[in-house]
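Novice:
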Amino acid sequence: MGVTIPSSFKSRHHLKQTHDKILTNIKLKREEFGVMDAKDIRGSTEALDKTQRKSKVAVEKMTNAITLYYDNHAQYLKQRRQQAYDALAELEGHEYKIKHLLVTVRYSVGPRVWWMNQRKDAKIQQLQDAVDKLQMSCFMARLTDGGREPNNIFAFV
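Just so you know, the sequence shown maps onto residues 109 to 265 in the working numbering.
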């Protein structure tokens with residue numbers, strides 16, 4: 109695919125850049141398959157298969173890296189909240205209740221983790237959709253020989 113996928117990301121910016129590069133590469137390959145001539149399709153079956161395998165591996169690695177990044181970030185948020193609760197341990201009475209409420213509101217993990225999970229699922233779904241479209245483009249290119257004449261569908265089974 110031409111993109112190095114780290115096992116984990118340090119920043120959301122780097123995650124987004126890599127995600128966009130992978131989606132762009134898959135889209136370019138899909139467009140490339142769409143304009144291939146019939147003789148090119150017959151001659152480059154191995155290239156089509158190799159591209160599909162590489163894209164599947166890239167998406168799998170990226171899915172694991174995205175999941176790891178968001179899970180680590182959720183864990184970090186929970187640790188920060190716990191540290192804030194631990195800092196309140198020596199307070200008592202009314203002051204404790206007020207500070208506890210403020211810490212709960214300030215470090216609310218539930219909605220933030222829910223929102224992060226929504227973003228994570230959306231990114232993973234985009235990658236899966238891109239790979240599915242690439243597979244369909246390869247299949248249709250082989251089936252129709254680039255849109256020239258229909259082939260026997262059972263020849264690819």
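Beta carbons are placed, not taken as given, at the ideal position from N, Cα and C, and that holds for glycine.
Quick one: what does DSSP say L196 is sitting in, helix, strand or coil?
Specialist: As a position in the sequence shown, residue 196 is number 88, starting the count at 1. Of the three classes helix, strand and coil, the one that applies to L196 here is coil, per DSSP.
Novice: Go ahead and pull the three-state DSSP assignment for V217.
Specialist: Locating residue 217 in the sequence shown gives position 109, where the first residue counts as 1. V217: coil per DSSP, three-state reduction.
Novice: I need the straight-line Cα distance from L209 to N225, nearest angstrom please.
Specialist: By one-based count along the sequence shown, residue 209 stands at place 101. By one-based count along the sequence shown, residue 225 stands at place 117. Straight-line Cα distance between these residues: approximately 25 Å.
Novice: Suppose you measure from the CA of Q190 to the CA of I130; what does that come to, to the nearest Å?
Specialist: Within the sequence shown, residue 190 is the residue found at index 82, counting from 1. Within the sequence shown, residue 130 is the residue found at index 22, counting from 1. One C-alpha to the other measures close to 37 Å.
Novice: Please report the Cβ distance between L136 and C246, rounded to the nearest whole angstrom; I am assuming they are in contact, meaning their Cβ atoms lie under 8 Å.
Specialist: As a working mapping, residue 136 is identified with position 28 in the sequence shown. As a working mapping, residue 246 is identified with position 138 in the sequence shown. With a Cβ gap of about 14 Å, L136 and C246 do not count as contacting.
Novice: Where does H121 land, buried or exposed, given buried means 16+ other C-beta within 10 angstroms?
Specialist: Residue mapping note: residue 121 aligns to position 13 of the sequence shown, counting from 1. So H121 counts as exposed.
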